[in-house]
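J.: Residue numbers (the numbering used here): 111 to 402.
Below is a structure I'd like to ask you about.
Okay, structure coming up:
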């Protein structure tokens, strides 16, 4: 595979970073993952906006433009003869002297990773309530950063089955999010999802689902919810940018509608209509009636 690093396209075995990179030494880095559909990078602009906000929070003097990101992805797809791909955009602080620094990082490393992506059109998963609790964000909000130990410990708890997603609770016992996903559930025709104030990552697909709900006037609430609120729901689903909207069939002994969930299926149908077309959810907000 060809990858991109700081202005160059290189074969993956030619790509190296400095052992003095503070992204490696101290975890000062952020990333985004997204999909391309027949060459179209769905919600790319929203991912770029979040990445730029993250690196500012980390003190990295860097900003990625929409046009640069589009050009890099287009070229990587051409070089690797791909149309449907996984893209990871990674910014690390870059090489500096040993020791923590309060000064802005002026020499970051930008890497675009790419690989072929072949996921089934319809996925379902079962949920497992984790004993590992969701940690609090390192800063004022949760960044999709290199600090992934909490997620790694949770993944070790549930194992490698692709059919299972671990669900974090906060230290106060509120439902938070999945290991690599956000969670939603449906009770009495209202959609519920944990508020960002629980310390979750404000996922790009999460935000897009909320936009769908708003545009379609489907009632929803964001808040602090105990586990029994989730377990008394009729439908539940998780979201992320690679797997999209995934119905949950069970959490422990509690069964949900899974693939038969009426509202879940409605959201999946809408998602599939737009994933080849838009670069930001604001396009959907003002889009025509074919998306309604």
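In this text, a Cβ means the ideal position worked out from N, Cα and C, and glycines have one as well.
Quick check on the DSSP output: what are the complete beta strand (DSSP E) runs of length 3 or more inside the stretch 198–284, in order along the chain?
T.: Fully enclosed beta strand (DSSP E) runs of 3 or longer: 219–226, 235–239, 274–279.
J.: Note down, in chain order, each residue of its chain lying with its Cβ closer than 8 Å to the Cβ of residue 274, except the 5 sequence neighbours on either side.
T.: In the chain shown, residue 274 corresponds to position 164, counting from 1. Result list for residue 274: 235, 236, 237, 238, 268, in chain order.
J.: Does DSSP classify residue 171 as helix, strand or coil?
T.: By 1-based counting over the chain shown, the position of residue 171 is 61. The answer is coil: DSSP assigns residue 171 none of H, G, I, E or B.
J.: May I have the straight-line CA-CA distance separating residue 282 from residue 257, to the nearest angstrom?
T.: Translated into the one-based positions of the chain shown, residue 282 becomes position 172. Translated into the one-based positions of the chain shown, residue 257 becomes position 147. Distance between the alpha carbons of residue 282 and residue 257 is about 22 Å.
J.: Residue 355 and residue 349 look like a contact to me (Cβ under 8 Å); what is the Cβ gap, rounded to whole Å?
T.: Along the chain shown, one-based indexing puts residue 355 at 245. Along the chain shown, one-based indexing puts residue 349 at 239. Yes, residue 355 and residue 349 are in contact; Cβ-Cβ is about 5 Å, under 8 Å.
J.: Look at the alpha carbon of residue 326 and the alpha carbon of residue 395, and state the distance between them as a whole number of angstroms.
T.: Looking up residue 326 in the chain shown gives position 216. Looking up residue 395 in the chain shown gives position 285. Taking the straight line joining both Cα atoms gives about 10 Å.
J.: Using DSSP's beta-bridge definition, name the partner residues of residue 121.
T.: On the chain shown, position 11 is the one that residue 121 refers to. BP columns for residue 121 point to 112.
J.: Going by alpha carbons, who is nearest to residue 352 out of 382, 120, 139?
T.: Taking the chain shown and counting its residues from 1, the one referred to as residue 352 is at position 242. Comparing Cα-Cα distances from residue 352 to each of 382, 120, 139, the minimum goes to 382.
J.: Count the C-beta pairs between the stretch 214–226 and the stretch 166–175 that are closer than 8 Å, then say yes if the count reaches three, no if not.
T.: Contact between the stretch 214–226 and the stretch 166–175 is present, because at least three Cβ pairs lie under 8 Å.
J.: Quick check on the DSSP output: the alpha helix (DSSP H) that includes residue 375 runs from which residue to which?
T.: Stepping through the chain shown from its first residue, residue 375 is reached at position 265. First-last of the alpha helix (DSSP H) with residue 375: 372–384.
J.: Can you look up residue 434 in the DSSP assignment and give me helix, strand or coil?
T.: Past the edges of the chain, shown from 111 to 402, lies residue 434, and the structure says nothing about it.
J.: Contact between the stretch 185–192 and the stretch 134–144: three or more CB pairs below 8 Å?
T.: Touching, no, given that fewer than three Cβ pairs across the two stretches are closer than 8 Å.
J.: In whole angstroms, give me the CA-to-CA distance for residue 280 and residue 293.
T.: Your numbering for residue 280 matches position 170 in the chain shown. Your numbering for residue 293 matches position 183 in the chain shown. Cα to Cα, the separation comes out at about 14 Å.
J.: Who are the near neighbours of residue 347 in its chain, counting only those whose CB is closer than 8 Å to its CB and skipping five residues on each side?
T.: The residue you call residue 347 lines up with position 237 of the chain shown. Contacts found: 293, 294, 295, 355, 356, 357, 358, 371, 374, 377.
J.: Would you say residue 330 and residue 285 are within 7 Å of each other, going by their C-beta atoms?
T.: Within the chain shown, residue 330 is the residue found at index 220, counting from 1. Within the chain shown, residue 285 is the residue found at index 175, counting from 1. For residue 330 and residue 285, no; Cβs fall outside 7 Å.
J.: Let me check understanding here. Comparing Cα to Cα, which of 266, 203, 307, 314 lies closest to residue 154?
T.: Counted from its first residue, the chain shown places residue 154 at position 44. Taking only the C-alpha atoms, the option nearest residue 154 is 314.
J.: In the structure shown, what three-state DSSP assignment does residue 196 receive?
T.: The count along the chain shown starts at 1 and reaches residue 196 at position 86. Strand, per DSSP.
J.: Less than 7 Å between the beta carbons of residue 385 and residue 321, yes or no?
T.: Sequence index remark: in the chain shown, residue 385 carries index 275 (1-based). Sequence index remark: in the chain shown, residue 321 carries index 211 (1-based). No, the pair does not count as a contact, with Cβ atoms beyond the cut-off.
J.: If you follow the alpha helix (DSSP H) that residue 319 is in, where does it begin and where does it stop?
T.: Position 209 of the chain shown holds residue 319. Per DSSP, residue 319 belongs to the alpha helix (DSSP H) from 314–325.
J.: Return the chain-ordered list of same chain residues with a C-beta closer than 6 Å to the C-beta of residue 278, the five sequence neighbours on each side being excluded.
T.: The residue given as residue 278 occupies position 168 in the chain shown. So the qualifying residues of the chain are 240, 244, 286, 287.
J.: Where does the unbroken alpha helix (DSSP H) through residue 395 begin, and where does it stop?
T.: As a position in the chain shown, residue 395 is number 285, starting the count at 1. Segment 391–395, the alpha helix (DSSP H) holding residue 395.
J.: Secondary structure at residue 343, three-state DSSP: helix, strand or coil?
T.: Here residue 343 refers to the residue found at position 233 of the chain shown. DSSP places residue 343 in coil when its eight states are reduced to three.
J.: Taking the C-alpha atoms as reference points, what is the distance between residue 307 and residue 252?
T.: Walking along the chain shown from the start, residue 307 turns up at place 197. Walking along the chain shown from the start, residue 252 turns up at place 142. Rounded to whole angstroms, residue 307 to residue 252 spans 10 Å at the Cα level.
J.: Pull up the distance between the alpha-carbon of residue 152 and that of residue 369, whole angstroms please.
T.: Stepping through the chain shown from its first residue, residue 152 is reached at position 42. Stepping through the chain shown from its first residue, residue 369 is reached at position 259. Rounded to whole angstroms, residue 152 to residue 369 spans 24 Å at the Cα level.
J.: By how many angstroms is the C-alpha of residue 157 removed from the C-alpha of residue 144?
T.: The residue you call residue 144 lines up with position 34 of the chain shown. The residue you call residue 157 lines up with position 47 of the chain shown. Cα to Cα, residue 144 sits roughly 8 Å from residue 157.
J.: To the nearest angstrom, report how far apart residue 177 and residue 242 are at their CA atoms.
T.: Here residue 177 refers to the residue found at position 67 of the chain shown. Here residue 242 refers to the residue found at position 132 of the chain shown. Taking the straight line from one Cα to the other gives about 40 Å.
J.: Using a Cβ-Cβ cutoff of less than 8 Å, which residues in the same chain neighbour residue 119 once the five nearest sequence positions on both sides are dropped?
T.: Counted from its first residue, the chain shown places residue 119 at position 9. The answer, listed in chain order, is 112, 113, 185, 186, 189.
J.: When the Cα of residue 209 is compared with those of 132, 303, 387, which residue comes out closest?
T.: In the chain shown, counting from the first residue as 1, residue 209 sits at position 99. Residue 132 is the option with its Cα nearest to residue 209.
J.: Buried or exposed, going by whether 16 or more other CB atoms sit within 10 Å of the CB of residue 362?
T.: Along the chain shown, one-based indexing puts residue 362 at 252. Residue 362 should be labelled exposed.
J.: Taking C-alpha atoms, which residue in 199, 192, 335, 183 lies nearest to residue 173?
T.: Counted from its first residue, the chain shown places residue 173 at position 63. Taking only the C-alpha atoms, the option nearest residue 173 is 199.
J.: Along the chain, where does the beta strand (DSSP E) containing residue 333 start, and where does it finish?
T.: Reading the chain shown from its first residue, position 223 is the one you call residue 333. Per DSSP, residue 333 belongs to the beta strand (DSSP E) from 330–333.
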